[in-house]
Structure formats: C-alpha cells, structure tokens
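Trainee:
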Amino acid sequence: MSDIALLHATFADAAEAARIGRAMVDQQLAACVNLIGPCTSIYRWQGAVEQSDEYRALFKTTPELARELADRIAALHSYDQPVIEIWPVAAGDAVLDWVRRETR
Amino acid sequence: MSDIALLHATFADAAEAARIGRAMVDQQLAACVNLIGPCTSIYRWQGAVEQSDEYRALFKTTPELARELADRIAALHSYDQPVIEIWPVAAGDAVLDWVRRETR
Amino acid sequence: MSDIALLHATFADAAEAARIGRAMVDQQLAACVNLIGPCTSIYRWQGAVEQSDEYRALFKTTPELARELADRIAALHSYDQPVIEIWPVAAGDAVLDWVRRETR
Chain A
1 MSDIALLHAT FADAAEAARI GRAMVDQQLA ACVNLIGPCT SIYRWQGAVE
51 QSDEYRALFK TTPELARELA DRIAALHSYD QPVIEIWPVA AGDAVLDWVR
101 RETR
Chain B
105 MSDIALLHAT FADAAEAARI GRAMVDQQLA ACVNLIGPCT SIYRWQGAVE
155 QSDEYRALFK TTPELARELA DRIAALHSYD QPVIEIWPVA AGDAVLDWVR
205 RETR
Chain C
209 MSDIALLHAT FADAAEAARI GRAMVDQQLA ACVNLIGPCT SIYRWQGAVE
259 QSDEYRALFK TTPELARELA DRIAALHSYD QPVIEIWPVA AGDAVLDWVR
309 RETR
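Chains as they are written, first to last, in the working numbering: chain A, 1 to 104; chain B, 105 to 208; chain C, 209 to 312.
Here is the structure:
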C-alpha cells in the first residue's frame, strides 16, 4: 500500500462545498472530493461559544499536493480562517496510481 | 503547518452528542466540535453481532489535551465503553493558534 | 492508549455498504462498522470530471488485520477500483482489547 493524503474541511454551506470541491478537481489539485453532508459546529471564537451550520467535504490527493490544495481552498473560502485538516492514509497501489494520474 | 488532534466519537443519540460536545467546548478541552450526524453501527459484542443507531461527532483540540478530552468524554458518556479515536492532523499555523488560544 | 486502525470506504449505495459492512463484522475482520450516510463524489476518471452518489462506511479493526480487511472489501465491492483508506488512531486500552477480542 502507498500513502495518499486526506484533507477534511468545513464550508459555509452545501453550495460552497460543491463549488470549491469541483474547482479543486477541475484544477487537478485533488483526484476526488466527497461532499459529505451538513454538520452543526460548536466552537469558541474570541472567548465566546458560537454555533453554526456548516457543510463537510473530504478531498483525496497526493502527499506532495496536499499543502497547495489546502492553500487554494483557503483562498476560495468565504471564511477569514477556514478550518482544514490533512493527514496521510494508506491506500492500494492502484488508488495511488489513479490519484497521481488525475492530479498535476 | 502544525499538528492539531482530531477526536472522533460515537454517542447514543444527537442529544448526547450535542450535550457532551458543548460541554467540552465550554470547558475549553476542545476548540470546536462538529456534530456530524447519525450513523448505523454494526459490531460484535461478547461474540454476537449487534446493530445500533448512534450519532457521530468530531472534536478539534491540541495534541497535549487530546487524552484528557477523551477521558472526559468517556466519563460523561452513557456507554460503559465508548469508542473514541484520536489522530494527529496537519493544520495551518493560524488554526493551531486558534485552537491553542481557545483551549486551556 | 493503543493503536487501532480506521478504514474508510465509499460504496455504490447504502445496501452495498450495509451488506459488505455486516459481512466484515460477521467474518471477524472488523469489530465494528459505522454506516455513515450518503455523499456526492466529484472525481476525475480517465481525464473527465464525473459525479456519483455514494455511501460511506468507517470500519474499526486491528493494525494487523487492516490490509486483509481492505482486500476483502475490495473483492466484494461492485467497483473495479474501490477507494479505501486506512490510518492508525489512538484508542483506549479497553477499546483495543474489545477490537482484539472480537476479531480473528
């Protein structure tokens, strides 16, 4: 098995997740995005507890492109500070080949 | 990028996930919780295959607080043995700063 | 805490996810599967951007069984090339004991 990168991000709503998700696949920064569904987020911001409805997406890319993908998502995102997480995962060699083939 | 910790847990229902999720943010053991939605779990317990409806949540905290967060969630949880997983993820430096600022 | 393995996979639909998920628990290749819910996937395939509705599941097993679990899921899956990811996560010792006890 070989490593690919998963990137998890929350968006303001389903439309933003779909728009940015599709743009990242169009631009070959990710081979795939799963538009996962809505969530309710509870968080602290400047000391107060806030609650927001958001929408989650999970991107699949190469380890080498993960940082650039995160930066591009952040640049297109409606939040000043989007919350984006990346971690390496093992996948079959055929999946890695596919991810490499369909990204830059 | 810097490491933060993701913590995934399943709860008995949406109300429990929201109650414990909010408590962890109130107590500054997590900067954020995503209340993700329902799932159906199939599992073995004492040799028999069981099925339950549950509700998932994803917490974001510092690597240093992750273990204490898991212990606190377990203490408040309605199950004798909740299933909680923690793993490190890379996030932008601004996200790490936010997580550090809004937790203990 | 001890390491267990999470395995994330997408399936053609809820029925396939439930059928294969239950089979993996029946065969003691996983202690648990969370049938998470539907997603919309956007991906590149042979250079074109495609969109499909899928269904996600998250399996919990031992590090030693993770590769065999992935191979078995792939063998039962309706896709020629299913997308399956595995990563290690920290869990409480009681969870690891449970996962070990209920798997091969």
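Don't be surprised by glycine CBs; every beta carbon is placed ideally from N, CA and C.
Ignore the nearest five residues each way along the sequence and tell me which others in G196(B)'s own chain have a CB closer than 7 Å to its CB.
Mentor: Closer than 7 Å at the Cβ level, and outside the excluded window around G196(B), lie M105.
Trainee: Could you tell me which residues DSSP pairs with L6(A) in its beta bridges?
Mentor: Bridge partners of L6(A): K60(A), W87(A).
Trainee: Using 10 angstroms around the beta-carbon of E310(C), count the other beta-carbons present and answer buried if the total reaches 16, otherwise exposed.
Mentor: Answer is buried; the Cβ neighbour count reaches 16.
Trainee: Please list, in chain order, all residues of the same chain as A231(C) whose beta carbon is under 7 Å from its beta carbon, the five residues on each side excluded.
Mentor: Hits under 7 Å: L284.
Trainee: With DSSP collapsed to three states, give me the class of R252(C).
Mentor: In this structure, R252(C) counts as strand in the three-state DSSP scheme.
Trainee: Going by beta-carbon coordinates alone, are A161(B) and A109(B) separated by less than 7 Å?
Mentor: No, these two residues do not count as a Cβ contact at 7 Å.
Trainee: Using a cut-off of 8 Å between C-beta atoms, extract the partners of A274(C) located in chain B.
Mentor: By Cβ distance, chain B contributes nothing, its closest Cβ being about 13 Å from A274(C), past 8 Å.
Trainee: Quick one: using the 10 Å Cβ neighbour count with 16 as the cut-off for buried, is V108(A) buried or exposed?
Mentor: Chain A is shown from 1 up to 104; residue 108(A) falls before or after that span and cannot be answered.
Trainee: Are V95(A) and V291(C) touching if we call contact CB-CB under 7 Å?
Mentor: In this structure, V291(C) lies closer than 7 Å to V95(A) by Cβ.
Trainee: So with CB distances below 8 Å, who are the chain B contacts of I84(A)?
Mentor: Those within 8 Å of I84(A) in chain B are A195, G196, V199.
Trainee: Going straight from the alpha carbon of C32(A) to that of R72(A), what length do you get?
Mentor: Those two C-alpha atoms are separated by around 15 Å.
Trainee: If you follow the alpha helix (DSSP H) that M24(A) is in, where does it begin and where does it stop?
Mentor: Looking at the DSSP string, the run of the alpha helix (DSSP H) that includes M24(A) is 14-26.
Trainee: Chain B partners of E310(C), CB-CB under 8 Å?
Mentor: Simply Y147, R148, W149, G151.
Trainee: Do L237(C) and L277(C) have their C-beta atoms closer together than 7 Å?
Mentor: Yes, Cβ-Cβ distance for L237(C) and L277(C) is below 7 Å.
Trainee: Between which two residues does the alpha helix (DSSP H) containing W288(C) stretch?
Mentor: Per the sequence shown, the amino acid found at residue 288(C) is Asp instead of Trp. That residue, D288(C), is in no alpha helix (DSSP H); it is neither H nor E in DSSP.
Trainee: Taking Cβ-Cβ distances below 8 Å as the criterion, which residues of the segment 173-185 of chain B are in contact with chain C?
Mentor: Listed by position along the chain: A174, A178, Q185.
Trainee: Roughly how many angstroms separate the alpha carbons of T269(C) and W295(C), rounded to a whole number?
Mentor: Computed Cα separation, rounded: 11 Å.
Trainee: Is L277(C) helix, strand or coil by DSSP?
Mentor: Helix.
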